[in-house]
Amino acid sequence: MKKLSSQKERVLAYVRTHGSITHREAEDTYSITRIAAVVFDLKALGHNFRTEDVKSKNKFGEPCSYARYHYEGMATPLERFARSNQYNHDLVASLLEDK
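Residues are numbered in this note's numbering as their position in the sequence shown, beginning at 1, plus a constant of 2.
1. Whose C-alpha, out of 47, 45, 24 and 72, is nearest the C-alpha of residue 36?
2. Okay, do the segment 9-26 and the segment 63-74 touch, 3+ Cβ pairs below 8 Å being the bar?
3. With residue 69 and residue 38 assumed to form a contact (beta carbons below 8 Å), what rounded beta-carbon distance in angstroms separates them?
4. Do you know whose CA, among 49, 26 and 31, lies nearest residue 85's CA?
5. Taking C-beta to C-beta, are residue 41 and residue 9 nearer than 8 Å?
6. What number of angstroms, rounded off, separates the C-alpha of residue 34 from the C-alpha of residue 43?
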């Protein structure tokens, strides 16, 4: 099995302990500024995350939203296969649209 980067290891440890992570938590705790990229990479390795769109207010009291990534464990082999086939289907469809 391929070794995880320290960022991926840290995020996995955090979400396994706390259940979820936001951009702010990742930045404050680990100085990770691109948490979406880390979650994307972990998904590609077979980890399941559910993204929650959280509505809030910024420091000026204006409406804003941010993502909270909820960890849902490792994908089963069947889930990984289905995800891979969906990606391939979407890729071929986009290539055919370009012609």
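Yeah, the Cβ is synthetic: ideal placement off N, Cα and C, and Gly gets one too.
For this structure:
1. It is 24 whose Cα lies nearest to the Cα of residue 36.
2. Enough Cβ pairs lie closer than 8 Å, so yes.
3. So it is a contact: roughly 7 Å between Cβ atoms.
4. With distances taken between Cα atoms, residue 85 lies closest to 49.
5. Cβ distance not < 8 Å, so residue 41 and residue 9 don't count as in contact.
6. Cα-Cα distance, rounded: 14 Å.
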